[in-house]
Structures are given as structure tokens and as C-alpha cells.
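Residue 1 is where the sequence shown starts when you use UniProt numbering, and the numbers rise one by one after that.
Cβ atoms here follow ideal geometry from the backbone N, Cα and C, with glycine treated the same way.
Before any comments, here is the structure.
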Amino acid sequence: MPPKTRGGSTRTRGGSTKTNAPKKGRITKRAPNKRTTKPDTVISSRQARELSPEELCFLRGPNGPPTYDHLGYELDYHKVAGSFCRRGRPGTQAYTDMLERDEREKNRKADIMGGPEWNQRSAMTLMLWTDRVARDLGIPYHKVKMEQFEEWHAKGFRANGEEFIAANVSPEEQDRVTDLATGSAFRK
């Protein structure tokens with residue numbers, strides 16, 4: 001190993017010196033590390049593109065400040081983090097059971113709501129049913145489950161099945177319900 005000289009330079013063969021300093025005219029940046037980088041700095045450095053509320057919630061972590069969606073509902077970090085993780089494929093029996101349970105719930109909701117015939121149902125119809133139950137019971141859209149449909153029916157609420165056909169709903173109402181449904185799975 002060549003002997004060290006003063007000033008941080010090292011002596012090489014032939015008598016020339018090699019220094020650790022950058023060459024003239026070059027700018028070097030120190031790589032960020034955990035001590036010098038704050039979470040907000042990482043987020044602000046990615047402002048070249050817009051982050052969705054879900055991405056922002058995931059980046060801030062479980063102990064970060066609360067994140068809200070475009071309607072003002074707070075997002076749940078654990079629900080958002082679950083959507084970012086890859087899941088294994090369910091077994092065929094579990095998948096079949098899930099589809100059957102979902103089909104039973106849809107049929108029961110149709111019985112309760114007096115819904116349209118099977119060939120006239122759409123995703124919009126299901127969202128309109130959920131919206132109607134949420135408004136009548138005074139609870140947020142994303143908190144309506146099958147139990148709330150049963151409670152709605154037990155309280156004596158009734159609905160006209162024709163009002164839930166997508167062709168009979170105004171475009172403004174469809175936009176409002178679509179906004180409510182979008183991202184509702186991630187809300188607290």
C-alpha cells in the first residue's frame with residue numbers, strides 16, 4: 001500500500017499524487033441517507049407527478065398525518081396497505097364460496113329493495129341501493145353492509161323498484177353516486 005501524505009492525497013507510482021477531491025468543475029452530491037432525509041422530503045421530491053390519496057396515505061405510513069380522499073373522508077392506512085400488497089391466489093373452493101355468498105347477498109338486497117328484474121340490474125343499481133339505505137339511515141355510504149339493508153327493511157322503509165333502473169336516473173345523480181362509490185373500500 002502506498003504511503004499516505006498530508007492533505008488526504010495518496011502517492012502513486014511515478015511520483016504523481018491522486019486526491020479524493022472531485023475533479024475541477026464537477027459537482028458532487030452526497031447521497032441521501034436516513035438521517036438527512038425526512039418523509040415529507042421524499043414526498044415533495046415526487047411532486048413531478050400527482051400522487052393519488054391512496055399513494056400518499058401509503059407513503060405517510062400508519063403513524064403519519066391523516067389523509068383524506070376527494071370527498072373529505074379519512075383513509076384507513078391498513079386497508080390501503082393491503083391493496084398495495086400482492087396476494088396469493090385463492091383456492092377454487094374459497095373463490096366459489098365467495099361468489100355464491102355475493103350472489104345470495106345481491107338477491108336478498110333485490111328482495112328488500114323491490115329491485116328490477118335480473119336482466120335490468122347493473123353496478124349502478126347496486127350503488128343506488130346502497131346510497132338509498134345510507135341516506136335513509138343517516139350513515140356514510142362506505143359503512144353500509146348487508147346488516148344495514150336488513151335494518152332498513154325492519155324499520156319499515158320501502159322503495160319503488162323502478163327508481164333504481166340506471167336509465168331512469170339523471171346523469172347528475174349517477175355522477176354523485178359514482179363519486180361516493182369510488183374509493184369507498186379504503187375509507188375509515
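- By the beta-carbon neighbour count (other beta carbons within 10 angstroms, threshold 16), Leu128 is buried.
- Taking each of Leu56, Asp76, Asp179 and His70 in turn and checking the Cα distance to Arg187, the smallest one comes out for Asp76.
- Residue pairing of Glu74 in beta bridges, as defined by DSSP: Tyr68.
- In this structure, DSSP gives Arg176 a helical state, which the three-state scheme calls helix.
- Residue pairing by DSSP puts Arg187 in a beta bridge opposite Leu75.
- Burial state of His70 is exposed, judged by a 10 Å Cβ sphere holding fewer than 16 other Cβ atoms.
- Residue environment analysis places Gly115 among the buried positions, since at least 16 neighbouring C-beta atoms fall within 10 angstroms of its C-beta.
- DSSP places Leu137 inside the alpha helix (DSSP H), whose first and last residues are Ala123 to Leu137.
- Secondary structure at Asn168: helix, using DSSP grouped into helix, strand and coil.
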